[in-house]
Amino acid sequence: MPPFESKRISYNMGVEKKNAAELKTIGIMLGIYCRDKHGGKKLCADCEELLAYAANRLRLCPHHPKPACKNCPTHCYLPEKRERVREVMKYAGPRMPLRHPWLTLKHYFL
Ligand SMILES: [Zn+2]
Numbered sequence: 018m019p020p021f022e023s024k025r026i027s028y029n030m031g032v033e034k035k036n037a038a039e040l041k042t043i044g045i046m047l048g049i050y051c052r053d054k055h056g057g058k059k060l061c062a063d064c065e066e067l068l069a070y071a072a073n074r075l076r077l078c079p080h081h082p083k084p085a086c087k088n089c090p091t092h093c094y095l096p097e098k099r100e101r102v103r104e105v106m107k108y109a110g111p112r113m114p115l116r117h118p119w120l121t122l123k124h125y126f127l
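Numbering (the numbering used here), first residue to last: 18 to 127.
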């Protein structure tokens with residue numbers, strides 16, 4: 018599953034270890050989504066931007082443990098971005114090789 022392998026390291030910068038798995042999962046899902054919907058071998062500019070955005074939100078989240086977005090007092094995701102992440106998750110979730118990390122993220126966004 019290496020569609021964006023070369024990008025992985027840079028987005029881990031500044032993200033705490035406990036969030037690294039979540040970020041990796043978002044990256045994998047974006048990889049699946051972008052490959053099928055946008056047809057590239059690696060992430061297109063839009064999907065890459067969304068991944069960077071998600072990484073920043075994870076990094077800046079002041080809550081421990083992070084609550085589900087809909088229960089969170091901060092509402093850090095712009096509605097438009099959150100909608101895109103949800104769309105990616107709905108598409109890529111059932112296509113994920115591992116169920117567990119996706120179920121965690123689903124709890125956050127759906
Ligand atoms: Zn894309």
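Ideal Cβ placement from N, Cα and C applies to all residues, glycine included.
- Nearest neighbour of Tyr94 by Cα position, chosen from Glu104, Asp63, Phe126, Asp53, turns out to be Phe126.
- Around the Cβ of Ala109, a 10 Å sphere holds 16 or more other Cβ atoms; the residue is buried.
- In the structure shown, Lys87 falls within a helical segment according to DSSP collapsed to helix, strand and coil.
- Proximity of the beta carbon of Cys78 to ligand 1 is not indicated: no heavy atom of the ligand is located closer than 6 Å.
- In this structure, Ala72 places its C-beta atom within 7 Å of the C-beta atom of Leu40.
- Around the Cβ of Arg74, a 10 Å sphere holds 16 or more other Cβ atoms; the residue is buried.
- Nearest in C-alpha terms to Pro79, of all of Glu97, Lys54, His92, is His92.
- Shortest gap from the CB of Asp63 to any heavy atom of ligand 1: under 6 Å.
- Residue side-chain check: Cys86 keeps its Cβ at 6 Å or more from all non-hydrogen atoms of ligand 1.
- For Arg112, there is no enclosing alpha helix (DSSP H), as DSSP marks it with neither H nor E.
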